[in-house]
């Protein structure tokens, strides 16, 4: 099966290097799927889960905030301010922060808080499905 | 008798020096392990910064970057911003003093050129320094310089970018300490804003068959702030590694000094003890002599 090297890099660290067969993400304009041999592209990503499926059938799920997807002729790079693998997300802490944010948003509407709320929701969503065989 | 009191005092001082030494040694070892961690974080952050610069360069070849608000020059504005990276905690040798010296020089230069300076201070030490000298900071952040996160860097960068885009500043300086090695850390200043078009020069043009989503121009608009954030993050990480290195060195010399002091005090104490014994013996001998003569 054809594969493509995929690298996920966040501002703080290198998150994932894999030989992938499929990659799915959500851009600011809609869902996008990348297979090996895709047309070169540069796509701004939404705050959404990123799924990378490798040749051995494992699917890595990654929470991506404010990212950029670069599809070159020989590689795929995901650059994101924050990118977290499902298994490295602390679900309890995310939930605690979510409740805290919801409480604060109930008092007063705030765009920044709303954005962090969205982040925590995404982290929880990614963490609950997790990576694994498909 | 003076001898025994002196000895007791010396013992107490030796004990106190030794317990201080234990503390400084612990701090030295903690700092040493944290340098390694901080250095690793500097390295881990590098790929992102490099890749994002690459992509911007590629986009900049064909797109027009000059129009971005963060690249617009405001040369005539008589005001600049200076961001100073200091630590929250002391006991780091000359770390804060050195970076503050460069900050002072930058402020002096700008004021000599007739521009006002807005201060943005990271770290409690810088805050204390400037408020003591009667300079009010525009914004200050505490608790982020020890182990900086990208979120903290993004917040600092956002504050600066918003104000720059409003046309409030001719320039934004960032003063931080560059970590060259465990032995050499150099306080430096970097011009964060405006972003200069040359920083994006020399890129390989992105092939025309590329699919852009959204448009090339909108992508650039999204990426340039990320680039500024990465630069702020880099300055925070370098400063943090330097802080730990400075602290390690300061604590190492404190530990060494404590050994010296304890050694010296020990010698003085031994001498005093010998003196005391000698005195006691001669007193006993003298007393016995007096008794035998009286008999």
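Protein chains in written order, with the numbering used here: chain U, 1382 to 1515; chain L, 1430 to 1724.
For every residue, glycine included, the Cβ atom is placed at its ideal position computed from N, Cα and C.
Computed from a predicted structure; not experimentally measured.
Whose C-alpha, out of the options, is nearest the C-alpha of residue i?
{"i": "residue 1399 of chain U", "options": "U:1425, U:1436, U:1408", "result": "U:1436"}
{"i": "residue 1476 of chain L", "options": "U:1459, U:1406, U:1442", "result": "U:1459"}
{"i": "residue 1636 of chain L", "options": "U:1387, U:1407, U:1453, U:1430", "result": "U:1453"}
{"i": "residue 1641 of chain L", "options": "U:1432, U:1421, U:1415, U:1412", "result": "U:1421"}
{"i": "residue 1652 of chain L", "options": "L:1489, L:1434, L:1433", "result": "L:1489"}
{"i": "residue 1393 of chain U", "options": "L:1658, L:1569, L:1587", "result": "L:1658"}
{"i": "residue 1445 of chain L", "options": "L:1715, L:1692, L:1514", "result": "L:1692"}
{"i": "residue 1593 of chain L", "options": "L:1556, L:1512, L:1708", "result": "L:1512"}
{"i": "residue 1472 of chain L", "options": "U:1456, U:1391, U:1480, U:1455", "result": "U:1391"}
{"i": "residue 1686 of chain L", "options": "L:1561, L:1434, L:1433, L:1443", "result": "L:1443"}
{"i": "residue 1481 of chain L", "options": "U:1448, U:1466, U:1396", "result": "U:1448"}
{"i": "residue 1500 of chain L", "options": "L:1676, L:1645, L:1623", "result": "L:1623"}
{"i": "residue 1423 of chain U", "options": "L:1485, L:1464, L:1469, L:1690", "result": "L:1485"}
{"i": "residue 1504 of chain L", "options": "L:1690, L:1598, L:1662, L:1629", "result": "L:1598"}
{"i": "residue 1467 of chain U", "options": "U:1411, U:1414, U:1433", "result": "U:1433"}
{"i": "residue 1612 of chain L", "options": "L:1464, L:1712, L:1453, L:1459", "result": "L:1464"}
{"i": "residue 1469 of chain L", "options": "U:1497, U:1443, U:1395", "result": "U:1395"}
{"i": "residue 1654 of chain L", "options": "L:1664, L:1630, L:1621", "result": "L:1621"}
{"i": "residue 1522 of chain L", "options": "L:1614, L:1628, L:1720, L:1602", "result": "L:1614"}
{"i": "residue 1428 of chain U", "options": "U:1455, U:1479, U:1406, U:1414", "result": "U:1406"}
How is the alpha helix (DSSP H) around residue i delimited, first residue to last?
{"i": "residue 1657 of chain L", "result": "1645 to 1723"}
{"i": "residue 1612 of chain L", "result": "It is not in any alpha helix (DSSP H) - residue 1612 of chain L carries neither H nor E in the DSSP assignment."}
{"i": "residue 1509 of chain U", "result": "1492 to 1510"}
{"i": "residue 1502 of chain L", "result": "First-last for residue 1502 of chain L: undefined, no H or E at that position."}
{"i": "residue 1530 of chain L", "result": "1524 to 1541"}
In whole angstroms, what is the alpha-carbon distance linking residue i and residue j?
{"i": "residue 1467 of chain L", "j": "residue 1509 of chain U", "result": "31 Å"}
{"i": "residue 1462 of chain L", "j": "residue 1669 of chain L", "result": "13 Å"}
{"i": "residue 1671 of chain L", "j": "residue 1525 of chain L", "result": "10 Å"}
{"i": "residue 1382 of chain U", "j": "residue 1402 of chain U", "result": "7 Å"}
{"i": "residue 1440 of chain U", "j": "residue 1409 of chain U", "result": "23 Å"}
{"i": "residue 1457 of chain L", "j": "residue 1491 of chain U", "result": "44 Å"}
{"i": "residue 1437 of chain L", "j": "residue 1695 of chain L", "result": "12 Å"}
{"i": "residue 1484 of chain U", "j": "residue 1546 of chain L", "result": "39 Å"}
{"i": "residue 1455 of chain L", "j": "residue 1605 of chain L", "result": "27 Å"}
{"i": "residue 1680 of chain L", "j": "residue 1520 of chain L", "result": "8 Å"}
{"i": "residue 1388 of chain U", "j": "residue 1416 of chain U", "result": "14 Å"}
{"i": "residue 1723 of chain L", "j": "residue 1716 of chain L", "result": "11 Å"}
{"i": "residue 1464 of chain U", "j": "residue 1446 of chain U", "result": "7 Å"}
{"i": "residue 1582 of chain L", "j": "residue 1438 of chain U", "result": "37 Å"}
{"i": "residue 1704 of chain L", "j": "residue 1447 of chain L", "result": "24 Å"}
{"i": "residue 1471 of chain U", "j": "residue 1535 of chain L", "result": "43 Å"}
{"i": "residue 1560 of chain L", "j": "residue 1529 of chain L", "result": "13 Å"}
{"i": "residue 1483 of chain L", "j": "residue 1634 of chain L", "result": "10 Å"}
{"i": "residue 1688 of chain L", "j": "residue 1449 of chain L", "result": "10 Å"}
{"i": "residue 1661 of chain L", "j": "residue 1514 of chain L", "result": "10 Å"}
{"i": "residue 1412 of chain U", "j": "residue 1676 of chain L", "result": "49 Å"}
{"i": "residue 1451 of chain U", "j": "residue 1639 of chain L", "result": "10 Å"}
{"i": "residue 1433 of chain L", "j": "residue 1702 of chain L", "result": "8 Å"}
{"i": "residue 1548 of chain L", "j": "residue 1650 of chain L", "result": "27 Å"}
{"i": "residue 1626 of chain L", "j": "residue 1584 of chain L", "result": "24 Å"}
{"i": "residue 1481 of chain U", "j": "residue 1616 of chain L", "result": "40 Å"}
{"i": "residue 1714 of chain L", "j": "residue 1708 of chain L", "result": "10 Å"}
{"i": "residue 1533 of chain L", "j": "residue 1502 of chain L", "result": "24 Å"}
{"i": "residue 1453 of chain L", "j": "residue 1690 of chain L", "result": "14 Å"}
{"i": "residue 1683 of chain L", "j": "residue 1527 of chain L", "result": "19 Å"}
{"i": "residue 1507 of chain U", "j": "residue 1663 of chain L", "result": "29 Å"}
{"i": "residue 1555 of chain L", "j": "residue 1494 of chain U", "result": "29 Å"}
{"i": "residue 1469 of chain U", "j": "residue 1538 of chain L", "result": "47 Å"}
{"i": "residue 1488 of chain U", "j": "residue 1586 of chain L", "result": "28 Å"}
{"i": "residue 1496 of chain U", "j": "residue 1479 of chain L", "result": "27 Å"}
Could you tell me how far apart the beta carbons of residue i and residue j are, in whole angstroms, since I believe they sit closer than 8 Å?
{"i": "residue 1552 of chain L", "j": "residue 1574 of chain L", "result": "5 Å"}
{"i": "residue 1648 of chain L", "j": "residue 1425 of chain U", "result": "6 Å"}
{"i": "residue 1439 of chain L", "j": "residue 1619 of chain L", "result": "Rounded, the Cβ-Cβ distance is 52 Å, inconsistent with contact."}
{"i": "residue 1517 of chain L", "j": "residue 1572 of chain L", "result": "6 Å"}
{"i": "residue 1430 of chain U", "j": "residue 1503 of chain U", "result": "7 Å"}
{"i": "residue 1569 of chain L", "j": "residue 1550 of chain L", "result": "4 Å"}
{"i": "residue 1457 of chain U", "j": "residue 1397 of chain U", "result": "No, residue 1457 of chain U and residue 1397 of chain U are not in contact; Cβ-Cβ is about 11 Å, not under 8 Å."}
{"i": "residue 1476 of chain U", "j": "residue 1498 of chain U", "result": "Not quite, the Cβ-Cβ distance comes to about 12 Å (not below 8 Å), so this is no contact."}
{"i": "residue 1596 of chain L", "j": "residue 1506 of chain L", "result": "6 Å"}
Which first and last residues belong to the beta strand (DSSP E) in which residue i is found?
{"i": "residue 1640 of chain L", "result": "1640 to 1642"}
{"i": "residue 1508 of chain L", "result": "1508 to 1514"}
{"i": "residue 1388 of chain U", "result": "1385 to 1391"}
Who are the neighbours of residue i on chain A, taking C-beta pairs under 8 Å?
{"i": "residue 1464 of chain L", "result": "Of the protein chains in the structure, U and L, none is chain A."}
Requested in this report: Just list the alpha helix (DSSP H) runs in the stretch 1401 to 1486 of chain U, keeping only unbroken ones of 4 residues or longer that don't cross its boundaries, in chain order.
Outcome: none
Query raised in the report: What are the complete alpha helix (DSSP H) segments, minimum 4 residues, inside the stretch 1549 to 1621 of chain L?
Result: 1553 to 1561, 1579 to 1594
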